[in-house]
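In UniProt numbering, the protein residues as written are 1 to 767.
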């Protein structure tokens, strides 16, 4: 088996953080041991204890606390998405309603602690509680709180994410103009954090930066798509590649092709996951040092590939949920050594005040799975060279070791702040990697061939003994960036590519296992489809129409998507070398009988916050009472709405509209964040096109408690509607319904978007 095949297999298998994040699917496999009638796993592993006691990763006198913490269930943590304008309202709702209901509550004889903010997370946007996820799911007393968490998670307003998992994106120090690569992104909680940071200013619909989120596993990419879609950003692209050989991309800069270097790279590599024992309890019986020995080479190759693609002055965060120095400091030390000064560890000790951490270690030994120790490479017998590599040991030269400042790495131990175990290192790039500085003339080879042979000097093929002196040899020189760019440009110019069509890569070697993706087709400037849309919604001249795309080259265009101009640049210049799974947000959908109206396309709620700043027509300003009626009744007549709303709606032609609520600062008890909803102006009524979870979110923010739903009548019952004596009038005349689109929930339920989210392994992304 080749090195890359082995690496791909290891990346797919060794992902203990699958259970980590937000979605309800997380953690089920780990809990099956004691929920499904199987004998409980004994939380003991003598080899684990012997290994880490010998390495002295825990301070003197704290070993008992360390082991006790590992045997306790991991507390539930949640994060409020920081870029949404509703973050403060959600925080207010949590503090004053749901957290208060948890006071003096006991579950299974255990007193429930009121959730507390994580001291080191900015603006009180992350919270933790002593409730485990099992108790949260199963206890009747917590049902209302659990439903709130699930619904808000689906709406993208809350991420249920392990505390230590939140650290790497914070240390990347992202700004809205940064180009970011997330190398091993699934399941996507860290990716969503990065997207939030890009959208720090909600008044800017298209930040200059973007996130390219990659994962080697095709099925996990669809989970990643689902997570990212909750945030409705035009600045995210999901791709499917082996991170250790992710292709170099190029972009057009003033008519020239240039290599894309990233300002920030998150390198959260596959690992043995012994820091996740509190939630993945099968790690207790499966743990062995062999996992780390097998993964070290792959981790080093991924980190090396990331360093190559980092811009000078850029920052890369390397992280694992493992405590093993073979996967942690050994990878960093090897990367620093071969960078020859191009990389250095940043001192981030004061960047997260309140976070407790231990400094990285500078001395460690290597142990085989049968308990044999080796202190340096020279003592390893030749028969072990396939399993143990020279890069696994600390540097021998004391001066070189001291200059690396490995103590700047952060080790998070479970007993210090009741978290999982974690390792983080922040690297800054000072200059080009040494093998990228040299420009040997290699005639007759394509850019990709040169890259694959020259630009990954992380080590020999796994499973083959090699001379360690050759491993670090300067003969591993790479092609210069300019040369690569010109070669790539020539290659593309020789091809016969359709303008504006970014199809899946044709080369067999680029097709990993998975589904054949539809192309990304940008709408041409002269497309007759756009002028009626532009006229109907009175779009501003600044509207970036060139960024509109569809997912079909033939037949009627049913959905229109939008990306930022920077991602458009990436798509158009890299379709031959990149497998894109998904990008863009849906902004318009074709009406079922669109030809009857002035415009065949209605607005989509998913992209309304991006689109709204450019719309100058068909906007109705509504009151908070109007919003409550519109969100709880399917087709309320005009007479049920305020006279101000009716006066704005009566002269509008039938079709798609924008419903805008502006907060009243003079009334502090009212909702204090703006709301933009997609709606439909019918013959005598108005309806909203808002997915169910988003409806529930807005109702909660307005202080309404959702009690149930009359599905036949399309009515959501709240504490207010249940208290009222009169029944709502929900019979809508046939002539009023004629020509109106289906309800958003029904339509969304049949759309490829939602199917992809529910069953990421079985469908294609939206068309």
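For glycine and all other residues, C-beta sits at the position ideal for the given N, C-alpha and C.
- Take the alpha-carbon of residue 98 and the one of residue 276: they are about 28 angstroms apart.
- Pairwise C-beta distances place the region 300-307 in contact with the region 238-257, as three or more of them are shorter than 8 angstroms.
- Unbroken alpha helix (DSSP H) stretches of 4 residues or longer found wholly inside the region 605-666: 608-611, 624-632, 643-649, given in chain order.
- Of the residues assessed, residue 75 falls on the buried side of the cut-off, its CB having 16 or more other CB atoms within 10 angstroms.
- Each residue's CA atom was taken as its position, placing residue 314 and residue 168 some 15 angstroms apart.
- Setting aside the 5 residues that flank it on each side, residue 318 is surrounded in the same chain by 267, 303, 425, each with a C-beta closer than 6 angstroms to its C-beta; the list follows chain order.
- Here DSSP, grouped into helix, strand and coil, assigns residue 408 to helix.
- The alpha-carbon of residue 583 is positioned some 42 angstroms away from that of residue 57.
- Apart from sequence neighbours up to five positions away, no residue of its chain approaches residue 403 with a beta-carbon distance below 6 angstroms.
- In the DSSP assignment, residue 128 falls within the beta strand (DSSP E) that extends over 126-128.
- In the three-state scheme derived from DSSP, where H, G and I count as helix and E and B as strand, residue 550 is classed as strand.
- Leaving aside the five residues that flank residue 662 on each side, the residues in its chain whose CB is nearer than 7 angstroms to its CB run, in chain order, 621, 674.
- Around the beta carbon of residue 586, 16 or more other beta carbons sit within 10 angstroms, so the residue counts as buried.
- Comparing alpha carbon positions, the residue from 672, 261, 351 closest to residue 431 is 261.
- Note that the region 164-182 does not touch the region 128-148; fewer than 3 beta-carbon pairs, one per stretch, sit closer than 8 angstroms.
- When the beta-carbon positions are compared, residue 421 and residue 47 stay at least 9 angstroms from each other.
- Counting along the chain, no beta strand (DSSP E) covers residue 64; the unbroken alpha helix (DSSP H) around it starts and ends at 63-71.
- Listed in chain order, the alpha helix (DSSP H) runs fully inside the region 140-190 are 143-155, 167-172, counting runs of at least 4 residues.
- Ranking 294, 344, 377 by CA distance to the CA of residue 394 puts 377 first.
- Between the alpha carbons of residue 292 and residue 373 lies a gap of roughly 14 angstroms.
- In the DSSP assignment, residue 685 is bridged to 637.
- Rounded to whole angstroms, residue 61 and residue 341 show a C-alpha spacing of 38 angstroms.
- One thing to note: residue 548 has its Cβ within 9 angstroms of the Cβ of residue 523.
- Classified as exposed, residue 617 has fewer than 16 neighbouring CB atoms from the shown chains inside 10 Å of its CB.
- Residue 96 counts as exposed, since fewer than 16 other C-beta atoms from the protein chains shown sit within 10 angstroms of its C-beta.
- Under the three-state reduction of DSSP output, residue 48 falls in the helix class.
- Looking at the backbone, the Cα of residue 553 and that of residue 576 are separated by about 17 angstroms.
- Nearest C-alpha to residue 429 among 525, 105, 316, 623: 316.
- Taking the Cα positions, residue 574 is about 24 angstroms away from residue 435.
- In this structure, residue 163 and residue 195 do not form a Cβ contact; the two beta carbons are roughly 20 angstroms apart against a cut-off of 8 angstroms.
- Residue 311 sits in a strand when the DSSP states are folded into three classes.
- Contact between residue 91 and residue 124 is confirmed by a C-beta separation of about 7 angstroms, below the 8 angstroms threshold.
- Using a Cβ-Cβ distance cut-off of 8 angstroms, the region 320-327 and the region 272-291 are in contact, since at least three pairs of beta carbons, one from each stretch, lie closer than that value.
- Contact check between the region 208-228 and the region 281-298: fewer than three CB pairs, one atom from each, fall below 8 angstroms, which does not count as touching.
- Non-local C-beta neighbours of residue 693 in its own chain, meaning closer than 6 angstroms and more than five positions away in sequence, comprise 151, 154, 155, ordered along the chain.
- In the three-state scheme derived from DSSP, where H, G and I count as helix and E and B as strand, residue 278 is classed as coil.
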